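Asker:
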Amino acid sequence: DPAPCLQVIRPEPCGVCGSRIRFGKAAIKCRQCQLLLHPKCREQCPSPCGPRPRHHAWPSEGVLADFAPPMPPLVPTLVVQCVTEVETRGLTETGLYRVPGTEQLVREWKRRLLRAGGALPALGSVADIHVVCGVLKDFLRGLKEPLVTFSLHPAFLRAADIPDDAACGTALRHVVSKLPPANRDTLAFLMLHLLRVSHSPDCKMDVLNLSRVFGPTLVGYGSANPTPLAIMEDTPRQCKVRGFPRCGLCPGHCQHPHPPSLPAQVVARLLSLPPSFWRGFLGTEQENLVPM
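Residue numbers (full-length UniProt numbering): 1 to 292.
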């Protein structure tokens, strides 16, 4: 429900494209949700509109709950929008999440999204989908605490290290349920997304590759400032199976000459859990989060 054009008194970001509306330039503001945008961006304005968030911008850093919506599923809008964009036009890209986007563009778009708060600019104008992937990874990497919280980090490592697959799955389900609700819901949302990426033949990103990329981001270390000893302890364990180092992914003989790190093994084990387990945390609202 846009009002007539008005003049901007102080520079503000456009709620659609994220670019700054400069002083004295024309702008349109919605009467209902107060969304401010360029006149040229009017056709891209989401409809119907919804109430604006109470805050105008997210913090530059924080724990995941600081960015989560008030109602479940507690998945930050930034994560939902990045994943939706990737699944809309990125599942035919080789090396998705492995190929880096331009660092300057990743920083700029992350800054725009955080500044916009809940009224995120459209990502369709980002030409390179790897930039969108980079924004998602950088947002998760920049949290004060990984999705696998510091307090539960040892429990996740222990669960993922159980040799028996059934016992490992049971232990992981138990420890996932102990995560804070926002961390749990976002982890479930990301696991379903990464499974879809792994099933795309064009991406050439199987579970092992995705686990190597997201292990340090989602699991990380047991503290914000790990000691060199803690980092060494997260290197691959040489658990012998018939004379071969066991990586936790291969039955019997390990097929990987360089077993993945412990955080990567945790992510790989999480991706081995059935999708129905993850969907249970998102409920029927999952259909509103991302195309299936």
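Using N, Cα and C, we set each Cβ at its ideal position, and we do this for glycine too.
All figures in this text were calculated on a predicted structure; none of them were measured in a lab.
Taking only the alpha-carbon atoms, compute the straight-line gap between Leu-273 and Pro-121 and give it to the nearest angstrom.
Answerer: Rounded to the nearest angstrom, the two C-alpha atoms are 34 angstroms apart.
Asker: Measure from the alpha carbon of Asp-138 to the alpha carbon of each residue in Pro-39, Arg-107, Met-191, then state which is nearest.
Answerer: Of the listed residues, the one whose Cα sits closest to Asp-138 is Arg-107.
Asker: Check each candidate in Thr-149, Tyr-97, Ala-159, Met-191 and name the one with the smallest Cα separation from Val-132.
Answerer: Nearest of Thr-149, Tyr-97, Ala-159, Met-191 to Val-132, Cα basis: Tyr-97.
Asker: I'd like the list of long-range same chain contacts for Leu-271, defined as Cβ closer than 8 angstroms, with 5 residues on each side in sequence excluded.
Answerer: Met-191, Leu-194, Leu-195, Ser-198, Val-207, Leu-210, Ser-211.
Asker: Just verifying my parser: in three-state terms, what is the DSSP assignment at Lys-29?
Answerer: Here Lys-29 sits in strand by DSSP.
Asker: Short check: CB of Ile-129 to CB of Glu-103, under 8 angstroms?
Answerer: No, the pair does not count as a contact, with Cβ atoms beyond the cut-off.
Asker: Could you tell me the distance, in whole angstroms, from the CA atom of Pro-275 to the CA atom of Gly-62?
Answerer: Using only the alpha carbons, I get a separation of about 29 angstroms.
Asker: To the nearest angstrom, how far is it from the Cα of Leu-262 to the Cα of Ala-26?
Answerer: Rounded to whole angstroms, Leu-262 to Ala-26 spans 54 angstroms at the Cα level.
Asker: Under 8 angstroms, do Glu-85 and Leu-114 count as touching if we go by C-beta distance?
Answerer: No; because the gap between Cβ atoms is not below 8 angstroms, this pair is not in contact.
Asker: Short check: CB of Leu-37 to CB of Leu-140, under 8 angstroms?
Answerer: Cβ distance not < 8 angstroms, so Leu-37 and Leu-140 don't count as in contact.
Asker: Using a 10 Å radius around the Cβ and a threshold of 16 neighbouring Cβ atoms, would you call Asn-183 buried or exposed?
Answerer: Result: buried.
Asker: Suppose the cutoff is 7 angstroms on Cβ atoms and the five residues either side in sequence are ignored; what does the same chain contact list for Gly-134 look like?
Answerer: Excluding sequence neighbours, Gly-134 sits near Pro-100, Gly-101, Val-106.
Asker: Candidates Lys-40, Asn-225, Trp-278: which alpha carbon is nearest Glu-145's?
Answerer: With distances taken between Cα atoms, Glu-145 lies closest to Asn-225.
Asker: If Leu-64 and Thr-186 are in contact, beta carbons under 8 angstroms, what's the gap, nearest whole angstrom?
Answerer: The pair is a contact, with the Cβ atoms about 6 angstroms apart (cut-off 8 angstroms).
Asker: Could you tell me the distance, in whole angstroms, from the CA atom of residue 293 to the CA atom of Ser-223?
Answerer: Since the first and last residues shown for the chain are 1 and 292, residue 293 lies out of range.
Asker: Going by other Cβ atoms of all chains shown within 10 Å of its Cβ, with 16 needed for buried, is Met-205 buried or exposed?
Answerer: Met-205 should be labelled buried.
Asker: Taking only three categories from DSSP, how would you classify Arg-20?
Answerer: Residue state, collapsed to three classes: strand.
Asker: Please report the distance separating the alpha-carbon of Phe-281 from that of Thr-227.
Answerer: Near 34 angstroms, if we compare the C-alpha coordinates of Thr-227 and Phe-281.
Asker: Relative to the alpha-carbon of Phe-67, which residue among Gly-142, Arg-89, Lys-29, Glu-43 has its alpha-carbon at the smallest distance?
Answerer: Here the closest residue by C-alpha is Gly-142.
Asker: Please identify the residue among Arg-173, Cys-203, Gly-220, Pro-76 whose C-alpha is closest to the C-alpha of Arg-89.
Answerer: Looking at the Cα atoms, Cys-203 is the closest of the given residues.
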